[in-house]
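Undergrad:
Residue numbers (our numbering): 2 to 206.
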């Protein structure tokens, strides 16, 4: 129970920082939508989606699902306000996973300062959670961030078909999680990154 609480405490700021990074990137490129909507706030309540952040994870937990999935409210942005809309969408999409990788690096650095105790466990979980979040969100299935990056490289004739996948995106992601396929892809990459950041450290299960 203590381990789960510590992991949850690491997850909340990680998700918030992820969403703020999306909004900040859009704001820097000329779109104030996220800022005007109050989505650059560090208050977690601003980013909570009642269904995706609470109801769905709770139901999956109560049903003893083999996986738990959830999401925050998407940060609103208007690509038409970007100087280069396609490039802007890519940058906004990449900002969230990049923010998580930066938090993972920060967690690893702080662990060398406080290597044990509750704070040490928190920094390990901060690193672990953010590596998983970064890699998961880079999966190129709409609406995950990886799809925003891919969109910038696709010719227009393929882009329309690719964007239509978004209506089935969450079902496809859940199916891949249920079949453990995403884990086969993410786990080896996460292991390599975490081995580099946290050598000789016992990682959370």
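Don't be surprised by glycine CBs; every beta carbon is placed ideally from N, CA and C.
Let's see if you can read the secondary structure: which residues bound the alpha helix (DSSP H) around residue 3?
TA: Note, residue 3: alpha helix (DSSP H), 3-29.
Undergrad: Counting only the same chain and skipping the five closest in sequence on each side, list residues whose C-beta sits under 6 Å from that of residue 40.
TA: Closer than 6 Å at Cβ, skipping near neighbours: 24, 76.
Undergrad: Could you compute how far the alpha carbon of residue 58 sits from the alpha carbon of residue 50?
TA: Near 11 Å, if we compare the C-alpha coordinates of residue 50 and residue 58.
Undergrad: Quick check: the Cα distance between residue 113 and residue 126, rounded to an integer number of angstroms?
TA: Their backbone Cα atoms lie some 14 Å apart in a straight line.
Undergrad: Going by beta-carbon coordinates alone, are residue 21 and residue 123 separated by less than 7 Å?
TA: No, Cβ-Cβ distance for residue 21 and residue 123 is not below 7 Å.
Undergrad: I need the straight-line Cα distance from residue 111 to residue 128, nearest angstrom please.
TA: Cα-Cα distance, rounded: 10 Å.
Undergrad: Are residue 45 and residue 13 touching if we call contact CB-CB under 7 Å?
TA: Yes.
Undergrad: Express the C-alpha separation of residue 63 and residue 188 in angstroms, rounding to a whole number.
TA: So the alpha carbons of these two residues sit roughly 25 Å apart.
Undergrad: Residue 139 and residue 147 - do their beta-carbons sit closer together than 7 Å?
TA: Contact: yes.
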